[in-house]
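Quick mapping for you: the protein sequence lines, in order, are chains A and B.
Residue numbers for the first sequence, in the working numbering: 523 to 875.
Residue numbers for the second sequence, in the working numbering: 523 to 875.
Using N, Cα and C, we set each Cβ at its ideal position, and we do this for glycine too.
Owing to the predicted nature of the structure, the values given are computational and were not obtained by experimental measurement.
Number of protein chains: 2
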Amino acid sequence: MSGPTLSDVANAAGVSYATADRVLNNRGNVAQKSIDKVRDAVARLGYVRNVAAANLSRKRVYRLAFLIPTGSNAFFNRVRKHILEAANHLSAESVTVEIVDVSAFSVGALQDSIGQLTGHDYDGVAIVGLQSGLLEQPLADLRARGVEIIGLVSDLPVEYRSAYIGIDNIVAGRTAARLTGMSHAGRIGAIQTFAGALDAGDHADRLQGFRDVIAADFPDLRVLDPILTKDDPVVMYEAACSALQSGTSVTALYNVGAGNVGLIKAIKETAATRPFCVTHELVAHSKQALIDNHIDLVIDQRPDIEVNRAFALLRALIDQREMPPMPDLMPTIFVRDNLPADTFNDAMEDQTI
Amino acid sequence: MSGPTLSDVANAAGVSYATADRVLNNRGNVAQKSIDKVRDAVARLGYVRNVAAANLSRKRVYRLAFLIPTGSNAFFNRVRKHILEAANHLSAESVTVEIVDVSAFSVGALQDSIGQLTGHDYDGVAIVGLQSGLLEQPLADLRARGVEIIGLVSDLPVEYRSAYIGIDNIVAGRTAARLTGMSHAGRIGAIQTFAGALDAGDHADRLQGFRDVIAADFPDLRVLDPILTKDDPVVMYEAACSALQSGTSVTALYNVGAGNVGLIKAIKETAATRPFCVTHELVAHSKQALIDNHIDLVIDQRPDIEVNRAFALLRALIDQREMPPMPDLMPTIFVRDNLPADTFNDAMEDQTI
DNA sequence: CATAAAATGATTGACGTATTGCATTTTACT
DNA sequence: AGTAAAATGCAATACGTCAATCATTTTATG
């Protein structure tokens, strides 16, 4: 029932256990023909290493680290929460997790933080990354130490990480556009967009996806150039106020970035009927805004799934195993009716304005 | 780093390893004061059993079974596919899975199938259930044998299972209604609904959720009584044809049930502009219909997440451990833009019409 | 107090793998 | 052929738990 053991493989291959072990764990000093015999036997018997026994034997400890931007960003607080929950559970499987705070979206800070990881002897790290050549050297150094590296939420330079876990932000923008378009039912409209900054890849991607779909499938809608908010709720508030007051022409608001607290405040203060509103990331205040009918849609990237996948992937990479089947990841649409029962806790509370 | 062992606990409690073992595994013949000492030490040291070592020692095998309705229903084929993928991966962790086919939605057949599980010495079973008193006896018998039971997708009588994994179908209906309402942008409309049958709990639930939201928030829309299709694509086809031909009054179609192949076929044959269309469950043909712009939305229950949760939950129940953190489960909205890259395979192909 | 019963302790061999030291055999090279 | 180097085999210990045996101590009972 439970598969063949390494002894079985050794027997089938006609070599000793020690040799089979040398092959499987690349200890060297093995003749090519022995390697072949063992590999062949492994394939024939369908041997798979009993990871539990292996880890027990070598007192394996998985040392993982997550590099997460600091700050009061509610989304990343949610990410943190999921990491901590998982870490708490996985401690029973000898997985240790450290969350390393990084100054938000500063290439220099990220570069430093990655550099400092090198001394800590981690087995794997997940990094909320940036696209910058400055990161390449520290990442290469890390990797040279045998540390598995994945990008999380925001990707790293492609050649310097093993995988990326996050949504496709172009898809996210397209999704927002599809529903915004639908909500107009063929009527003419103008959509005011907001972004933190356009040099950040994800905001630009979302905007592009949004524009693409509107241009292709909703010719009666006009996408207004984004107002830049630096993801600051105060700036966002003022931008939203002016958009809301600018007569009747604006039929929808779409914020690709953060700072939604400001947007929501502005909407709350709008007595008249408001335009159709779409934001990103389900957090305490955006959830509440949905419930209160202050916004219509939230496009979420399911950090719970992302974190889940990150742990599974890191462990698979470290053990050089196959990735277990995991839920697909795609931008997820929330309206006020399909919200998760899970009430987000205090850690998710955002800055107020 | 890696926590205390049972030896540590025994030492801390001032008893022998054997006694500590007797307490932890309820072997009896232990004085109450010893039990207390050990329990206390466990709590003090934060001891958690090393499941890997335990399973290794006792050659633990998790024998699981899934009871899934047969038939050419594309959704359950997708469920099967996810179960098989997970089973394939989990075989490396000595989990064996059997999928038991049950004649679709027949209480008698389900009753029989559950009865037959009793002889197989399973550790846990997940059952696509029904609400029927007839199931109570066989479920009770199963449980008496120490088999963990959970409801999957469709619940069992509440007292006879440990948990239910599936979406809230009222929520699913509400979600469909919210978006259907949005798509009208305040215009007057009439929504033709379709259902397999109304005695089946989930269809009725979806319809009720749908009606509730339309009534509450979209007073200009009228929900037409459902046409019953028995989930048969042929019947569905004819029902859809008549709805599509009945003049201009129908502005949206909502099918809470299966048989969407028929609906899509009818829509394809409609040369003129079609009403807003919402269906349930993302499968090969509904995905294609989204891509082809034949329907607008699919409300999906994420069987990948459900199956994932089912495995995790069954194992947690069997080991009497805590459930690991897993992604939340809620009705998920698909438009043509946020479809999973994962191309569903042949097994998902539905009957043609 | 004698005796049986109950409780406890001590010990051992699995489970499948990792890891190491040492002995032995095979290969390669002069 | 002789020798060094490379390859292989053998044996033992460890990881944390389970499960069982047997010996010994403690407790309860008449």
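Beta-carbon spacing of residue i, residue j below 8 Å
i: threonine 640 of chain B; j: alanine 712 of chain B; result: no
i: glycine 781 of chain B; j: proline 748 of chain B; result: no
i: arginine 733 of chain B; j: alanine 694 of chain B; result: no
i: tyrosine 896 of chain B; j: arginine 837 of chain B; result: With chain B represented from 523 up to 875, any question about residue 896 of chain B goes unanswered, as that position is not in the structure.
i: valine 800 of chain A; j: leucine 819 of chain A; result: yes
i: valine 570 of chain A; j: alanine 542 of chain A; result: no
i: glycine 688 of chain B; j: leucine 743 of chain B; result: no
i: serine 616 of chain B; j: asparagine 577 of chain B; result: yes
i: leucine 835 of chain B; j: isoleucine 672 of chain B; result: yes
i: alanine 762 of chain B; j: leucine 775 of chain B; result: yes
i: arginine 696 of chain A; j: glycine 731 of chain A; result: yes
i: alanine 574 of chain B; j: alanine 574 of chain A; result: yes
i: alanine 608 of chain B; j: asparagine 830 of chain B; result: yes
i: valine 857 of chain A; j: arginine 700 of chain B; result: yes
i: alanine 832 of chain A; j: alanine 626 of chain A; result: no
i: aspartate 677 of chain A; j: glutamine 653 of chain A; result: yes
i: proline 849 of chain A; j: proline 849 of chain B; result: yes
Closer than 7 Å at the beta carbon, the chain B residues around residue i
i: arginine 665 of chain A; result: What arginine 665 of chain A touches in chain B: nothing, since even the nearest Cβ is about 24 Å away.
Alpha-carbon spacing of residue i relative to residue j, whole angstroms
i: threonine 527 of chain B; j: glutamate 760 of chain A; result: 59 Å
i: proline 888 of chain A; j: leucine 804 of chain A; result: Because chain A in this structure spans residues 523 to 875, residue 888 of chain A falls outside the shown range and cannot be described.
i: arginine 602 of chain A; j: glycine 593 of chain A; result: 12 Å
i: alanine 587 of chain A; j: glutamine 638 of chain A; result: 12 Å
i: leucine 861 of chain A; j: histidine 725 of chain B; result: 20 Å
i: leucine 589 of chain A; j: aspartate 822 of chain A; result: 21 Å
i: valine 745 of chain B; j: leucine 766 of chain B; result: 15 Å
i: asparagine 867 of chain A; j: valine 675 of chain A; result: Because asparagine 867 of chain A sits at a pLDDT of 46, beneath the cut-off of 50, its placement in the model cannot be relied upon, and the point is left open.
i: alanine 698 of chain A; j: arginine 667 of chain A; result: 42 Å
i: alanine 553 of chain A; j: glycine 655 of chain A; result: 42 Å
i: lysine 581 of chain A; j: arginine 600 of chain B; result: 39 Å
i: histidine 706 of chain B; j: histidine 816 of chain B; result: 17 Å
i: arginine 665 of chain A; j: valine 680 of chain A; result: 13 Å
i: aspartate 690 of chain A; j: aspartate 530 of chain B; result: 49 Å
i: glycine 568 of chain A; j: serine 524 of chain A; result: 11 Å
i: valine 778 of chain B; j: isoleucine 692 of chain B; result: 11 Å
i: isoleucine 789 of chain B; j: arginine 796 of chain B; result: 7 Å
i: glycine 843 of chain A; j: asparagine 547 of chain A; result: Sequence inspection shows arginine at residue 843 of chain A; the glycine mentioned does not correspond to that position. Their Cα atoms are separated by approximately 14 Å.
i: serine 684 of chain A; j: glutamine 810 of chain B; result: 32 Å
i: proline 846 of chain A; j: isoleucine 710 of chain A; result: 47 Å
i: valine 669 of chain B; j: valine 624 of chain B; result: 19 Å
i: alanine 869 of chain B; j: alanine 737 of chain B; result: In this predicted model, alanine 869 of chain B has a pLDDT of only 41, less than 50, meaning its place in the structure is not dependable; the value taken from the coordinates is given anyway. Taking the straight line joining both Cα atoms gives about 39 Å.
i: leucine 785 of chain B; j: methionine 758 of chain B; result: 6 Å
i: valine 735 of chain A; j: alanine 806 of chain A; result: 29 Å
i: serine 628 of chain B; j: glycine 651 of chain B; result: 10 Å
i: arginine 544 of chain B; j: tyrosine 539 of chain A; result: 36 Å
Listed by chain order, chain A residues near residue i by CB distance under 8 Å
i: asparagine 691 of chain B; result: The contacting residues do not exist; asparagine 691 of chain B stays about 12 Å from chain A at best.
i: threonine 854 of chain B; result: Thr854, Ile855, Asn860
i: aspartate 818 of chain B; result: Met704
i: valine 619 of chain B; result: Within 8 Å Cβ-Cβ: nothing; valine 619 of chain B doesn't reach chain A, min ~13 Å.
i: valine 778 of chain B; result: Ordered by position in chain A, no residue passes the 8 Å Cβ test against valine 778 of chain B, which lies about 15 Å from the chain.
Chain B contact residues for residue i, given Cβ-Cβ distances below 8 Å
i: serine 524 of chain A; result: Lys581, Val583, Ser616
i: histidine 706 of chain A; result: Ala707
i: glutamate 844 of chain A; result: His611
i: leucine 701 of chain A; result: Leu701, Met704, Val857
i: aspartate 850 of chain A; result: Asp826, Pro862, Ala863, Asp864
i: isoleucine 735 of chain A; result: This sequence places valine at residue 735 of chain A; isoleucine is not what is there. Ordered by position in chain B, the residues that pass the 8 Å Cβ test against valine 735 of chain A are Asp859.
Chain-ordered chain B contacts of residue i [CB-CB under 9 Å]
i: leucine 578 of chain A; result: Asn572, Ala574, Ala575, Leu578
Distance cut-off 7 Å: residue i Cβ against heavy atoms of the ligand HEM
i: valine 564 of chain A; result: In the structure on display, the ligand HEM does not appear, and there are no ligands present to speak of.
Proximal chain A residues relative to residue i, where beta-carbon distance stays under 9 Å
i: proline 847 of chain B; result: His604, Glu607, Ala608, Asn610, His611, Asp826, Val829, Asn830
Contacts of residue i in chain A (Cβ-Cβ under 7 Å)
i: threonine 877 of chain B; result: An answer regarding residue 877 of chain B cannot be provided, because it is not within the stretch 523 to 875 covered by chain B.
Contact the segment 624–640 of chain A vs the segment 659–675 of chain A: 3+ CB pairs below 8 Å: yes
So, does the segment 533–548 of chain B touch the segment 560–572 of chain B, judging by three or more C-beta pairs under 8 Å? yes
Would the segment 604–617 of chain B count as touching the segment 812–831 of chain B if we require 3 or more Cβ pairs under 8 Å? yes
Which ranges does the beta strand (DSSP E) cover as unbroken runs of at least 3 residues, wholly within the segment 639–699 of chain B, from first to last along the chain? 646–649, 670–674, 685–687
Give, in chain order, every unbroken run of the beta strand (DSSP E) that is at least 3 residues long and sits entirely within the segment 594–630 of chain B. 617–624
Identify every run of the alpha helix (DSSP H) within the segment 750–826 of chain B, keeping only runs that are complete inside it and at least 4 residues long; order them along the chain. 755–767, 782–790, 806–813
Every unbroken beta strand (DSSP E) within the segment 535–605 of chain B, with a cutoff of 3 residues, ordered by chain: 584–591
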